[in-house]
Amino acid sequence: MSKAWRGLALIGALLLGSCATQAPSQPGVLHPEIWPRSESPIARDPAIEARVALLLEQMSVEQKVGQIIQADMASVTPEDVRRYHLGSVLNGGNSGPNGDDRALAPAWLAMADAYYDASMDVAPGRPAIPIMWGSDAVHGNSNIIGATIFPHNIGLGATRNRALLQRIGEITAKELRVVGGDWTFAPTIAVVRDDRWGRIYEGYSEEPEIVRSFAGAIIEGIQGRPGDADFLRGPHVLATAKHFLGDGGTDGGRDQGDNLYPETEFRDLFGSAYPPAIEAGVQTVMTSYNSWFGVKSTGNRVLLNDVLIDRFGFDGFVIDDWNAHGQVPGCTATSCAAAINAGVDMLMAPESWRGLYANTLAQVRAGDISMARLDEAVGRILRVKLRAGLFEAGRPSSRAYAGQWAMLGAAEHRAVARQAVRESLVLLKNDGGVLPLAPNLRVLVAGEGADDLGMQTGGWTISWQGDGNSRADFPNGETIFEAIRARVSAGGGSAVLSVDGSFEQTPDVAIVVFGERPYAEFRGDVATLDYQPDDARDLRLLQSLQARGVPVVSIFLSGRPMYVTPELNASNAFIAAWLPGSEAGGVADLLFSDGSFDFTGKLSFSWPRAPDQTPLNVGDRNYDPLFPFGYGLTYRDRRELGRLSEVSASAGASPLDVYFAEGRAQQGLKLSLASAEGTPIDIGAAAISTPGLAFSRIDRARQEDALLLRWSGAAAARLSLNGRQLDLTRQAGAGMSLVLQVRVDQAPAAPVLLGVGCGEACRGVVDVSATLARAEGRGWMGLALPLTCLGARGAQLDSVLEQLVLESGGALSLAVSDVRITRTEAEQECAGALTP
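Numbering (the working numbering), first residue to last: 1 to 836.
This is how it looks when you write it as structure tokens:
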């Protein structure tokens, strides 16, 4: 940590700690009096307060209940908005106009108009309340094809540039206005303390002072400055500070898990960025899925009222995350008086909104939710809508910037994104001063990330997980290879793309781009920070080039710091590029610098020297990272990294036993569907089908954490989980089993084969149709097959290529949420064993 940052951190800690004496640590019990005081800069406007009071007097109870519910556009029509008086709609990660999350910009604006028109169509004598549209525009207006895609927050944290963050907020707001948007669920101001968390890249830093310093800047960029005429209007939209509170510090880095930090650390680490966010005028705060010592934030009245409202001075409204209210004890996604009574003003109920509306209305009439509390929640929402000028703004298409399509990905906006890329890159190694490169060289560009905008942009881009995207989805973007080729061509050199690193003519240098595939939320949770622990294909690529005497420059795309010491050793230069977004020109600017630019990025997260070295945060006892917080070389630095000591992968517990969990395949694996004669189709986020079998995603415990498979019986078809070869003889010898969590909605009409595959004409499968038939209608159950059984049925367990084969030729409806190799207490036979 530099002296400047260490000083800022100390000042922040002293300010927070001086607000009151330390309270005794009582797990689950908050002491609001020890939390700091802050205040919203927005004074209550008597005219707005009078309008809020009048509207509440004129509204029916049905209108009031509708105002506190937000539905996802995939499950709500304009007619629904008119009938139920809904206060807001959102587009979830995989939803868009008319079911198309890749719809072009004009369709989004037309959709915004349709919802608005419906909200203004009310019965005589009742007030018309304009609807708000919320969107996860978390690194630019990243749902929209053609928009400027900025680096994810983990990269922006490396810039240390508050002015740049404010400018990014301004551009994002303008590009939202183009399509009729008026509210973004950003910024994430989590302080991330465990790099295994799947949302780490949404955080700026492990260090609270960086997050504090950025919070107000980006919120002012998005919303404008309180007191200015264009605050929340014109080029600005509503911002959201999220997730309140403690999401970056859950035990084991588990998404939606339990935060076990003592209250003073809970306050100083995770609550530190909220006062500056509120002092910047943020109008909405989103609650977190996580708990604090078992108490869900979404149902924590002391946290939401005594801390957020009374101590922090928040004066907007509180919204929960996607069905987070359903995780509050005693609640479901369609019924949760507890969250409303705790202080949640608007419930995000994407597909559960209809049942939630009916139950909430009944709870108000029964007195389970008081009319005073309902009026308080609705009043907060109306106040924000009035401050934002929505009652006078007219249709979204009539508002400032709407329909100005050229503003999406405008040259000026892309230039700012390119600057953000340059300033976010962190140079970890430059042995021999290999960088910067001369532009007249013969350059080989290799690696699966070299020409892949999906890997560059990561999750929350076009689709929720950032998967399923093609080059055509980024008409204004540029891949790293395209940027290198343009720069080298202009300098008299040549650039050739060879993903596998093969070449005929020896290049002067190889630039290898590799890293994590896109993910979002819990699908990004990992057991260790080991990069490719079971399939070191990228390492082999680097080593093969090095063995042939080619200097190697590595560009690592990732949403987190990872254990990549072997890859560092196989590289002459190594750049942590994070998830840079659509403007790869910023990468080329530094690779082939003519003196105009140099590396300025500094680590905002400590870099591990071992796969299991997490949590790892500056200031920790026995702090010993490979690269410390604040590290980052420049061209002028002549530090030779040399050969680093590598740690055996066995030092970290690899998640080899988990193949598919919480809606995602483990890294290195993929799901695919195939008919008997057809080519396998890789499964992404969207619903797909092949002759005989259709796939979609459903919710079990979390958003889209399970698969729904429907065999029609028209043709034999199968689901396969594959992507790497594994030796399972050790697990078989330990008595472990292939275990699935399944729900049988329609019993099988033909044999169902379950097992593993090991190549052409090599597999071990068992007919589990009788077992599945017994499970019909019984809900979720565990289905287990011993590995020894699969070996006896023909599988070569030392060379398993398909970790799951599930095949049938008859009608069957089956949901699957989890696939793993594990021990089970149930007695098992080769026919399969079911457990509740």
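Every residue gets a Cβ at the ideal spot worked out from N, C-alpha and C, and that includes glycine.
Predicted, not measured: the structure shown is a model, and the values here were computed from it.
So, using beta-carbon positions, are Asp525 and Gln532 closer together than 9 Å?
Not in contact: Asp525 and Gln532 (Cβ atoms no closer than 9 Å).
Count the other C-beta atoms from every protein chain shown that fall within 10 angstroms of the C-beta of Glu33, then say buried if there are 16 or more, exposed otherwise.
Around the beta-carbon of Glu33, fewer than 16 other beta-carbon atoms lie within 10 Å, marking it exposed.
Starting from Pro786, trace the beta strand (DSSP E) in both directions and tell me its first and last residue.
Where Pro786 is concerned, the enclosing beta strand (DSSP E) stretches over 781-786.
Spatial neighbours of Cys830 within its chain, please: CB distance less than 6 Å, with the 5 preceding and 5 following residues excluded, ordered by chain position.
Contacts found: Val766, Cys789.
Using DSSP with H/G/I as helix, E/B as strand and the rest coil, what is Gly515?
Residue state, collapsed to three classes: strand.
Beta carbon of Glu279: closer than 8 Å to some heavy atom of the ligand HEM?
What this structure holds is no ligand at all, so the ligand HEM is not there to describe.
Do you know how far the Cα of Gly501 is from the Cα of Leu541?
Roughly 7 Å separates the two Cα atoms.
Within 9 Å, strictly: CB atoms of Asp473 and Ile145
Against a cut-off of 9 Å, the Cβ pair of Ile145 and Asp473 comes out as a contact.
Measure the C-alpha to C-alpha separation of Gly87 and Glu521 and round it to an integer number of angstroms.
Taking the straight line joining both Cα atoms gives about 26 Å.
Spatial neighbours of Gly66 within its chain, please: CB distance less than 8 Å, with the 5 preceding and 5 following residues excluded, ordered by chain position.
If we look at Gly66 and ignore the five residues flanking it on each side, its Cβ neighbours are Tyr84, His85, Leu86, Gly87, Tyr357.
Cβ shell of Pro655 (< 8 Å), same chain only, five flanking positions each side left out:
Reliability fails at Pro655, whose pLDDT of 37 lies under 50, so the model's placement of it is uncertain and the value that follows must be treated cautiously. Around Pro655: Val526, Ala527, Thr528, Gln666.
Nearest-angstrom Cα separation, counted from Ile189 out to Thr240:
Rounded to the nearest angstrom, the gap between the Cα atoms of Thr240 and Ile189 is 10 Å.
Compute the distance between the beta-carbons of Leu568 and Leu633, then report whether it is under 9 Å.
No, the Cβ-Cβ distance between Leu568 and Leu633 is not below 9 Å.
For a minimum of 3 consecutive residues, which ranges assigned as the beta strand (DSSP E) are wholly contained in the segment 438-510?
Within the segment 438-510, the complete beta strand (DSSP E) runs of at least 3 residues are 442-446, 494-497.
Is the beta carbon of Ala420 less than 9 Å from the beta carbon of Thr159?
In this structure, Thr159 lies closer than 9 Å to Ala420 by Cβ.
Does Met73 pass the burial test, meaning 16 or more other C-beta atoms within 10 Å, or should it be called exposed?
Burial call: buried.
For Ser650, count neighbouring C-beta atoms within 10 Å of its own C-beta (all shown protein chains included) and say buried if the count is 16 or more, exposed if not.
For Ser650, the predicted structure reports a pLDDT of 39, less than 50, and the residue's modelled location is therefore unreliable. A value from the coordinates is still provided. Exposed, since its Cβ has fewer than 16 Cβ neighbours within 10 Å.
Hey, Val178 and Gln404 are a contact pair by Cβ (cut 8 Å); roughly how many whole angstroms apart?
Correct: roughly 6 Å between the Cβ atoms.
Counterpart residues of Ser272 in DSSP-defined beta bridges:
Paired residue(s): none; Ser272 is not in a bridge.
Below 8 Å on the Cβ atoms is my guess for Ala732 versus Leu797; work out the distance and round it to an integer in Å.
Yes, Ala732 and Leu797 are in contact; Cβ-Cβ is about 5 Å, under 8 Å.
Would a C-beta distance cut-off of 9 Å place Gly271 and Leu245 closer than the cut-off?
It is a contact, given that the beta carbons lie within the stated cut-off.
Tell me, please, which residues DSSP counts as bridged to Ile726.
The identity of residue 726 in the sequence shown is Leu, whereas the question assumes Ile. According to DSSP, Leu726 bridges with Val800.
DSSP bridge partner residues for Ile821 (one or two, in chain order):
Beta-bridge pairing links Ile821 to Leu738.
Check whether the Cβ atoms of Thr390 and Ile68 sit closer than 9 Å, and answer yes or no.
Inspection of the sequence shows that residue 390 is occupied by Leu rather than by Thr. The answer is no: Cβ separation not under 9 Å.
Gly595 versus Ala402 - alpha carbon distance:
Gly595 and Ala402 have their C-alpha atoms spaced approximately 40 Å apart.
From Ala490 to Pro439, what distance separates their C-alpha atoms?
Looking at the backbone, the Cα of Ala490 and that of Pro439 are separated by about 8 Å.
Where His413 sits in the DSSP three-state scheme:
If DSSP states are grouped into helix, strand and coil, His413 belongs with the helices.
Cβ separation of Ala273 and Ile219, assumed to be a contact under 8 Å, to the nearest whole Å
Contact doesn't hold; Cβ gap of about 10 Å is too wide.
List, from N- to C-terminal side, the alpha helix (DSSP H) runs of 4 residues or more that fit wholly inside the segment 541-612.
The segment 541-612 contains these whole alpha helix (DSSP H) runs: 565-569, 585-591.
Between the C-alpha atoms of Cys336 and Ser288, what's the straight-line distance to the nearest angstrom?
Cα to Cα, the separation comes out at about 16 Å.
Three Cβ pairs or more, each shorter than 8 Å: is that satisfied between the segment 378-389 and the segment 227-239?
The count of Cβ pairs closer than 8 Å, one atom from the segment 378-389 and one from the segment 227-239, reaches three, so the stretches are in contact.
Quick check: Thr284 and His325, are their CB atoms within less than 9 Å of each other?
Their beta carbons are not under 9 Å apart, which means Thr284 does not touch His325 by this criterion.
Would you kindly work out how many angstroms separate the C-alpha atoms of Ala674 and Ala186, rounded to a whole number?
If I take the Cα positions, the gap works out to 39 Å.
By how many angstroms is the C-alpha of Val752 removed from the C-alpha of Val744?
Taking the CA atoms as reference points, Val744 sits about 12 Å from Val752.
Shortest alpha-carbon distance to Leu437 belongs to which of Asn469, Ala495, Ala450?
Closest by alpha carbon: Ala495.
From the DSSP output, in three-state form, read off Asn91 for me.
In the displayed model, Asn91 falls within a strand according to three-state DSSP.
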